[in-house]
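Visitor:
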Amino acid sequence: MHLSDLPFPEVARRAAAGAVLAVPVGATEQHGPHLPLSTDTDIALALCDALATAWPDVLVAPAVPYGSSGEHAGFAGTLSIGQAATELLLVELGRSATGTFGRVLFVSAHGGNAEPVARAVATLRSESREVSVFQPRWNGEPHAGAPETALQLVLRPAAVHMERAVVGDRRPLREVLPLLRSGGVRAVTDTGVLGDPTGATAAEGHTLLASLTAQLLAHVSAWLPAVAL
Numbered sequence: 560m561h562l563s564d565l566p567f568p569e570v571a572r573r574a575a576a577g578a579v580l581a582v583p584v585g586a587t588e589q590h591g592p593h594l595p596l597s598t599d600t601d602i603a604l605a606l607c608d609a610l611a612t613a614w615p616d617v618l619v620a621p622a623v624p625y626g627s628s629g630e631h632a633g634f635a636g637t638l639s640i641g642q643a644a645t646e647l648l649l650v651e652l653g654r655s656a657t658g659t660f661g662r663v664l665f666v667s668a669h670g671g672n673a674e675p676v677a678r679a680v681a682t683l684r685s686e687s688r689e690v691s692v693f694q695p696r697w698n699g700e701p702h703a704g705a706p707e708t709a710l711q712l713v714l715r716p717a718a719v720h721m722e723r724a725v726v727g728d729r730r731p732l733r734e735v736l737p738l739l740r741s742g743g744v745r746a747v748t749d750t751g752v753l754g755d756p757t758g759a760t761a762a763e764g765h766t767l768l769a770s771l772t773a774q775l776l777a778h779v780s781a782w783l784p785a786v787a788l
């Protein structure tokens, strides 16, 4: 169930009954010539929806579509608010949300948000607010490669243009990370792709989505051990 679909008395009733608010945190940034700029946001929202399906006591907040995406500067359409603004946004959002909900879960699907979301959660916890963060991880290509392409072939197939997919930089992330930190994605690849998305399939996407959902459910079970998912 999505928070924005409900009137406030119903939200108050559900919150009083112990509902958790799941907040999808994504980004608006390039994902190669074949994927939409909403890719990270789509993944975060899909995981929150999967959690709400498995556990009805979850309400899904409207997605946060902006984050720290400065490493993708120079690619048209990328909209970054930087680390400091991302951190502040999530702190203030968490403070507001915990005025209604006893528990708030951020689901952040953009790697560039890792540091600001961790700092935001630490601040909120220091204020005795019951918050947590889940950040999906997978083995293999980190950006616009086969994993994200496969996921989008499941989540938004009409927005995927496989005929435009190209092979990007295929070096392991540990090799290119110093270049990414110093010069951004443009220093590594003109296509914006880290990996090879050309062979991605929806079948692989279903498998990966199931794995990420299982990771999320395990995270929530560990965070809230009294809850049976």
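Mind the numbering: the sequence shown is residues 560 to 788 in our numbering, read in order.
Even glycine gets a Cβ: it sits at the ideal position worked out from N, Cα and C.
What you are looking at is a predicted structure, and each value in this text was computed from that prediction instead of being measured.
#1: Can you tell me whether PRO566 is buried or exposed, with buried defined as 16 or more other CB within 10 angstroms of its CB?
#2: Is the CB-CB distance between ALA703 and PRO756 below 8 Å?
#3: Please classify GLY626: does DSSP put it in a helix, a strand, or coil?
#4: Would you mind reading off the limits of the beta strand (DSSP E) that contains SER741?
#5: For ALA581, which residues does DSSP report across the bridge?
#6: Name, in chain order, the residues that DSSP records as bridge partners for THR587.
#7: Just the C-alpha distance for VAL690 and TYR625, rounded to the nearest angstrom, thanks.
#8: In chain order, what are the residue ranges of uninterrupted beta strand (DSSP E) at least 3 long that sit wholly in the region 656 to 711?
#9: Considering only their Cβ atoms, is the gap separating ARG729 from HIS593 smaller than 8 Å?
Guide: Once the coordinates are examined:
#1: Within the sequence shown, residue 566 is the residue found at index 7, counting from 1. So PRO566 ends up on the exposed side.
#2: Sequence index remark: in the sequence shown, residue 703 carries index 144 (1-based). Sequence index remark: in the sequence shown, residue 756 carries index 197 (1-based). Cβ distance < 8 Å, so ALA703 and PRO756 count as in contact.
#3: Stepping through the sequence shown from its first residue, residue 626 is reached at position 67. If DSSP states are grouped into helix, strand and coil, GLY626 belongs with the strands.
#4: As a position in the sequence shown, residue 741 is number 182, starting the count at 1. Note, SER741: premise wrong, no beta strand (DSSP E); alpha helix (DSSP H) at 732 to 742.
#5: One-based indexing of the sequence shown puts residue 581 at position 22. Paired residues: VAL619 and LEU664.
#6: In the sequence shown, the residue the question calls residue 587 occupies position 28. Answer is LEU638, bridged to THR587.
#7: The residue given as residue 690 occupies position 131 in the sequence shown. The residue given as residue 625 occupies position 66 in the sequence shown. So the alpha carbons of these two residues sit roughly 20 Å apart.
#8: 662 to 667 and 690 to 693
#9: Counted from its first residue, the sequence shown places residue 593 at position 34. Counted from its first residue, the sequence shown places residue 729 at position 170. For HIS593 and ARG729, no; Cβs fall outside 8 Å.
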